[in-house]
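Engineer: Note that the numbering used here has the sequence shown beginning at 1331, numbered continuously upward.
No residue lacks a Cβ here, since even glycine has one placed at the ideal position from N, Cα and C.
These figures come from a predicted structure and were not determined experimentally.
After the structure tokens below, expect a handful of questions from me.
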Amino acid sequence: MSDTVRLGWEKINWAQAHMPLHARIRQGFQAEHPFSSLRIGTALHLEAKTANLILTLHAGGAELFVVGSNPLSTQDGVAMALADQDRITVAARRGEPEEERRRNLDRLIAFDPHVILEDGGDVAWRLSEHKGRPPALIGLCEETATGVERLHTLESEGKLAVPAIAVNDAKMKHLFDSRYGTGQSAWDAIMHATNLLIAGKTVLVVGYGWCGKGVALRARGLGARVLVCELDPVKAVEAVMEGFVAVGLTAGMARADFVITATGQPGVISKRELQNAKDGQVLANVGHFGYEVDREALRRMAEREFPARAGVTGYRFSDGRTVYLLGEGELVNLALSDGHPVEIMDVSFALQALSAQYLVRQGRSLSPGVHPVPAEIDDEVARLFLASLEGGEVLP
């Protein structure tokens, strides 16, 4: 066993030891084999917690084809460890070019999966560009807000040919993963990458959805002054009522030491905003795609682009200002760290696993389109999680 694979297994085993919900679900899957003779494709951030989801599905009898959902979130040791398992094919590596990634998505589709679990909607989008759907495909499960939004777009255009479970919309997903998971993991990555003090600094959070709420909450806990830029006036009022300061984007850029985007929308930080960036500003993104900060605008504006630290790129402008972009603008918590805390992903992946089982059982009776996670699955995961928490009491 190579050192890379050994380190991959160490990460997988550490995560497994802290995933009690998966232990319960895996035990049930091993007994019942709900995925016997079925194929499952996954397009997820390929790291240790995801590996445990894959191994849980594998224990339920599934054959799997595994690709990554972001070239900078794949951990090679984890990918290689999974690839050593029978009935698991892995087509992912850290830093893979976009063309290679698209080929891997096509390979997943050619695998003719019965169920697809994904993060970001790329497979669903790719399916809409293909003629017809994989013959065996029952449906898919989508974990992110960005992915669910893309599914609704496909549905409105008549291009979503199968039922799709909006895992992100489950209460046990967005209330916890998006808020507490993103909040902790984003700042873990930012602090590790920069080694800078947060207390006393000014932080601008762009987007006040559940991810933005988590980032703002943890920034305040670290002693920062927190500004929030949010287009939705109701959410902006909510931010103010939580004690944050609502600002316009241009004004916020001029004041902030740290800017964290959490919108899921392209080009949020454009040339206009960068022209007003405070000298020394650190830019990071927690949205699914790496396009929230306009990197091309940064490069065109910069007199000099340089590596400042591992994972940190500096851009020096002609007026003497310098800004720093973390993780090439990709998801900072996965590009520069290990992603969400293990226990949080235990909950989210429990929803994925049980939603996949639900599709196998009921998917052929569902109409094409976006469907919610059944309330009984949401409640079951909540009860399992509550039982795992110190001080948690399982309700009758």
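Would you check if there are 3 or more beta carbon pairs closer than 8 Å linking the stretch 1369-1386 to the stretch 1338-1347?
Structural biologist: Short answer: they touch.
Engineer: I need the DSSP call for His1701, collapsed to helix, strand or coil.
Structural biologist: Three-state DSSP puts His1701 in a strand.
Engineer: Take Val1662 as the anchor and find which of Gln1682, Gln1687, Ser1403 and Ala1491 has the nearest alpha-carbon.
Structural biologist: Looking at the Cα atoms, Ser1403 is the closest of the given residues.
Engineer: If you reduce the DSSP assignment to three classes, tell me which class Phe1359 lands in.
Structural biologist: DSSP places Phe1359 in helix when its eight states are reduced to three.
Engineer: In angstroms with no decimal places, state the Cα-to-Cα distance between Gly1620 and Gly1358.
Structural biologist: C-alpha separation (whole angstroms): 38 Å.
Engineer: What is the DSSP secondary structure of Gln1435, reduced to helix, strand or coil?
Structural biologist: The sequence given here places Leu at residue 1435; Gln does not occur at that position. Reduced to three states, the DSSP call for Leu1435 is helix.
Engineer: Could you pull the start and end residues of the beta strand (DSSP E) that Glu1487 belongs to?
Structural biologist: Run containing Glu1487: none; DSSP gives neither H nor E here.
Engineer: Reducing DSSP to helix, strand and coil, say where Val1564 ends up.
Structural biologist: Three-state DSSP puts Val1564 in a helix.
Engineer: When the Cβ atoms of the stretch 1640-1651 are set against those of the stretch 1487-1500, are three or more pairs found closer than 8 Å?
Structural biologist: No, the stretch 1640-1651 does not touch the stretch 1487-1500.
Engineer: Could you give the residue range of the beta strand (DSSP E) that holds Val1536?
Structural biologist: Segment Thr1532 to Val1536, the beta strand (DSSP E) holding Val1536.
Engineer: If we ignore side chains and look at the alpha-carbon of each, how far apart do Met1331 and Ala1413 end up?
Structural biologist: Roughly 13 Å between the two C-alpha positions.
Engineer: Taking one C-beta from the stretch 1630-1640 and one from the stretch 1608-1619 each time, how about it: are there three or more such pairs within less than 8 Å?
Structural biologist: Too few Cβ pairs lie closer than 8 Å, so no.
Engineer: Could you tell me which of Arg1336, Val1335, Thr1334 and His1352 sits nearest to Val1677, measuring between CA atoms?
Structural biologist: Looking at the Cα atoms, His1352 is the closest of the given residues.
Engineer: With a threshold of 8 Å between beta carbons, is Val1545 in contact with chain C?
Structural biologist: No chain C is present in this structure, which holds just one protein chain.
Engineer: According to DSSP, which residues form a beta bridge with Thr1643?
Structural biologist: Its beta-bridge partners are Pro1637 and Leu1655.
Engineer: Using only the alpha-carbon positions, how far apart do Gly1530 and Gly1553 sit?
Structural biologist: Each residue's Cα considered, the two are about 6 Å apart.
Engineer: DSSP state of Ala1500, grouped into three classes?
Structural biologist: Of the three classes helix, strand and coil, the one that applies to Ala1500 here is coil, per DSSP.
Engineer: Once the 5 residues before and after Gly1578 are set aside, which same chain residues still bring their CB inside 7 Å of it?
Structural biologist: Excluding sequence neighbours, Gly1578 sits near Cys1559.
Engineer: Leu1613 lies in the beta strand (DSSP E); which residues open and close that run?
Structural biologist: From DSSP, the beta strand (DSSP E) with Leu1613 extends over Val1612 to Asn1615.
Engineer: Alpha carbon to alpha carbon, what distance is there between Thr1524 and Leu1655?
Structural biologist: Taking the straight line joining both Cα atoms gives about 10 Å.
Engineer: To test your reading of the DSSP string, which unbroken beta strand (DSSP E) runs of 3 or more residues are found completely within the stretch 1369-1396?
Structural biologist: Listed in chain order, they are 1369-1374.
Engineer: Is the stretch 1531-1542 in contact with the stretch 1574-1588, if contact means three or more CB pairs nearer than 8 Å?
Structural biologist: Judged by Cβ distances under 8 Å, the stretch 1531-1542 makes contact with the stretch 1574-1588, as three or more pairs qualify.
Engineer: Excluding sequence positions up to five away, which residues of its chain have a Cβ less than 7 Å from the Cβ of Val1598?
Structural biologist: Once the five neighbours on either side are set aside, the close Cβ partners of Val1598 are Val1536, Thr1591 and Glu1622.
Engineer: When the Cβ atoms of the stretch 1434-1446 are set against those of the stretch 1460-1479, are three or more pairs found closer than 8 Å?
Structural biologist: Yes, since at least three Cβ pairs between the stretch 1434-1446 and the stretch 1460-1479 fall closer than 8 Å, the two stretches touch.
Engineer: Which first and last residues belong to the beta strand (DSSP E) in which Val1589 is found?
Structural biologist: Note, Val1589: beta strand (DSSP E), Phe1588 to Thr1591.
Engineer: Can you give me the Cβ contacts of His1388 inside the same chain, cut-off strictly under 8 Å, excluding the 5 residues immediately before and after it?
Structural biologist: Cβ within range, chain order: Leu1394, Gln1415, Arg1417 and Ile1418.
Engineer: Alpha carbon to alpha carbon, what distance is there between Leu1714 and Ser1600?
Structural biologist: Going by the C-alpha atoms only, they are around 44 Å apart.
Engineer: How many whole angstroms separate the CB atoms of Leu1681 and Met1502, which I take to be in contact at a CB cut-off of 8 Å?
Structural biologist: Yes, Leu1681 and Met1502 are in contact; Cβ-Cβ is about 6 Å, under 8 Å.
Engineer: When you compare only the Cα positions, how much space is there between Leu1457 and Gly1551?
Structural biologist: Approximately 43 Å, taken between the alpha carbons.
Engineer: From the DSSP output, which residues share a beta bridge with Gly1469?
Structural biologist: Answer by DSSP bridge pairing, in chain order: Val1445.
Engineer: Is it buried or exposed, Ser1648, if we count other Cβ atoms within 10 angstroms and call 16 or more buried?
Structural biologist: Result: exposed.
Engineer: First and last residue of the beta strand (DSSP E) that includes Arg1555?
Structural biologist: Start and end: Arg1555 to Cys1559.
Engineer: For Ile1528, which of helix, strand or coil comes out of DSSP?
Structural biologist: If DSSP states are grouped into helix, strand and coil, Ile1528 belongs with coil.
Engineer: Using DSSP bridges, identify the partner residues of Leu1661.
Structural biologist: BP columns for Leu1661 point to Asn1615.
Engineer: If you measure between the beta carbons of Val1397 and Ala1422, is that distance less than 8 Å?
Structural biologist: A contact, by the Cβ cut-off of 8 Å.
Engineer: Could you have a look at Thr1580 and say whether DSSP puts it in helix, strand or coil?
Structural biologist: Here Thr1580 sits in helix by DSSP.
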